[in-house]
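Engineer: With our numbering as the guide, the letters of the sequence shown map in order to residues 37 to 220.
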Amino acid sequence: MSWDCSELSEAARLIGDLLSAPGREPEAEPAADPQGAHLGAAPTRQSHPLPSPEEEALSVSPFRGDRLEALLEGLCRRAGFMGAVVADESGLPLAATETPVDPNRVAAFSAVLGQALDKAESLLGGHLADNVSVDFNYTDKLVLRHFTMDTTSLFLAVICPQEVDERGEIELTMEQIAVLLSSA
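1. Less than 8 Å separating the beta-carbons of L107 and Q212?
2. Report the start-end ranges of each alpha helix (DSSP H) in the stretch 94-149 that is 4 residues or longer and not cut off at the edges.
3. Rounded to whole angstroms, what's the CA-CA distance from E157 to Q151? Just pull it up for me.
4. Taking only the alpha-carbon atoms, compute the straight-line gap between E205 and A193 and give it to the nearest angstrom.
5. Looking at the structure shown, is V200 part of a helix, part of a strand, or coil, going by DSSP?
6. Can you check which of these residues, A123, L159, N140, E105, is closest to L190 by C-alpha distance?
7. Please report the residue range of the beta strand (DSSP E) in which L180 lies.
8. Once the 5 residues before and after A165 are set aside, which same chain residues still bring their CB inside 6 Å of it?
9. For T175, count the other beta carbons within 10 Å of its own beta carbon; 16 or more makes it buried, fewer makes it exposed. Which is it?
If you want it as structure tokens, here you go:
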């Protein structure tokens with residue numbers, strides 16, 4: 037094989053760029069070695085740990101609204117969700133990411149579904165009903181999770197593919213939202 041072929045060198049450089057850490061400059065292309073001695077040596081790259089979602093949100097902005105939106109964007113990026121909204125019990129959005137449905141409508145719908153959750157809880161004799169999922173087309177669903185901060189009822193709504201198990205990511209994000217909103 038001809039390892040000094042320009043196409044192979046360019047492909048190797050592109051793969052190296054794809055595998056490098058985010059935000060890092062691509063490594064310099066190695067000098068051509070006619071004997072192929074460089075092929076056995078593994079390239080040395082420094083490993084940069086990715087920031088946790090909390091660290092990422094705190095580094096975005098000093099404003100809680102911006103940090104809350106960063107948490108939602110991180111949630112969608114990690115889990116493959118199409119969008120997320122945090123709303124209060126009156127249906128006003130506190131933060132939102134890009135969603136296929138208008139975030140204001142998702143927030144208003146969250147308040148309506150939240151009332152249904154309250155009714156379900158009373159009908160079930162006090163058993164906690166805090167999660168509901170609604171299929172809104174053949175492939176996607178809206179999942180609503182109710183939680184409270186002190187005495188305030190909040191809703192986290194996500195839009196995701198029907199086959200996704202969203203529960204773990206939603207629980208993690210709710211904890212992060214609680215920490216973010218409780219900090220002064």
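Backbone N, C-alpha and C define an ideal beta-carbon position, used for all residues, glycine too. Predicted model only: the values in this text are computed from it and were never measured.
Structural biologist: Looking at the coordinates:
1. In contact: L107 and Q212 (Cβ atoms closer than 8 Å).
2. 100-115
3. Their backbone Cα atoms lie some 10 Å apart in a straight line.
4. Distance between the alpha carbons of E205 and A193 is about 12 Å.
5. coil
6. Nearest to L190 by alpha-carbon distance, out of A123, L159, N140, E105, is A123.
7. Segment 176-185, the beta strand (DSSP E) holding L180.
8. L153, A156, E157
9. exposed
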